[in-house]
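Visitor: Pasting a structure here, questions to come.
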Amino acid sequence: MIELGRFAAAIGLLGHVLAAEPDSGRGWCLLARAQLGAGRPADALASARRAAVLDPADDWPGRLASTALVTLGRHADAVAAAAQSRRTAPQHWRPHVCLAQAAAAAGQHEVAAEAAAQALALAPEEPDVHVTAGKAALGRGDLRTAAACQRAALALEPGHAGALNELGLISLGARDPAAAACYFAQAARAAPASAVFGRNAEVALARTVISVARLAAMLGVLAASAVALGVRRYELVIVLPAGCAGVVTWRLVATIQKLPGPARRRLRWLVHASGVRARRRTVRGAAG
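Residues in the sequence shown are numbered consecutively from 113, following this note's numbering.
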């Protein structure tokens, strides 16, 4: 159920399991995982802590607790929980990945880089390790290394949703919302149970729509000004920008077609809401 993204059903099943076996550390870990997927980080933290008490030699409760604490915005506590998990099982790659992710969220980029390097040394064949190394590089502002890490993850597992999502974030950092939207849309298709990737795609697409609309408006003003001033061969002034706008629009339409139906409907609402807010700002400015 968890793998299918049916977190509520998983929580219900685990409730029956834990009622019969309340001392099952693995059961509490699975419950914490399901609660994280259901967007209940506080409950997940309580379940993970109970699992840690039941099985202190297991590193999984600490990793789950760290993830919950990151979601709750308690970054220092998340780093501490992940560090404890790594001390429990330093021979495994997952605690190193967990520490790298928590440290990156806390802005501790040197700690994140060190933990990611340790994970790479232990398990270079794991796509998630490369994704985490890319996140650490992105936190340092190294877009080239971050992109290389995500492509390495995709070489190991084509269609890895996390790597595609990270490439979308990198594209946003490079001020390319159209490319970001393409990556986010691919991530949403690869992991339809995750709402995060779909929302990222919608936001990037909305930004692209607004950028194309602004570019079209600027082209119109430029052409009108050129005509009014009698500039000869004014069409040359707008050919290149118009071509760029056409390419961006084509990529935009192609990306929208890749989105699931619900995401396309939410995108239309987002674009409409953005236009309404923009008009309201204009009206208030004029009135002021």
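A virtual CB, placed ideally from N, CA and C, is assigned to each residue, including glycine. In this text the structure is predicted, and so the values were computed from the model without any measurement.
#1: Hey, Ile123 and Leu148 are a contact pair by Cβ (cut 8 Å); roughly how many whole angstroms apart?
#2: Shorter than 6 Å, the distance from the beta carbon of Pro236 to the closest heavy atom of the ligand ADP, or not?
#3: Can you tell me which of Pro168, Val191, Ala217, Ala212 puts its alpha carbon nearest to the alpha carbon of Ala231?
#4: Is the CB-CB distance between Val244 and Val209 below 7 Å?
#5: Quick one: measure Cβ to Cβ for Tyr295 and Gly271, integer angstroms, because I've assumed they're closer than 8 Å.
#6: Under the rule that 16 or more other beta-carbon atoms within 10 Å means buried, what is Gln220, buried or exposed?
#7: Determine the DSSP secondary structure at Asp288, reduced to helix, strand or coil.
#8: Once you ignore the five residues that flank Asp167 on each side, which residues in its own chain have a CB closer than 6 Å to its CB?
#9: Report yes if the CB atom of Cys141 is closer than 7 Å to the CB atom of Ala120, and no otherwise.
#10: When DSSP labels each residue in this structure, what does Ala229 get in the three-state scheme?
#11: Grouping DSSP H, G and I as helix and E and B as strand, with all else coil, what is Ser159?
#12: Less than 7 Å separating the beta-carbons of Ala248 and Ala235?
Guide: On the basis of the data shown:
#1: Wrong, their Cβ atoms sit about 11 Å apart, outside the cutoff.
#2: You won't find the ligand ADP in this model; it holds no ligand whatsoever.
#3: Ala212
#4: A quick correction: the sequence has Thr, not Val, at residue 244. In this structure, Val209 lies closer than 7 Å to Thr244 by Cβ.
#5: The Cβ separation is near 12 Å, so there is no contact.
#6: buried
#7: coil
#8: Gly137
#9: no
#10: helix
#11: helix
#12: no
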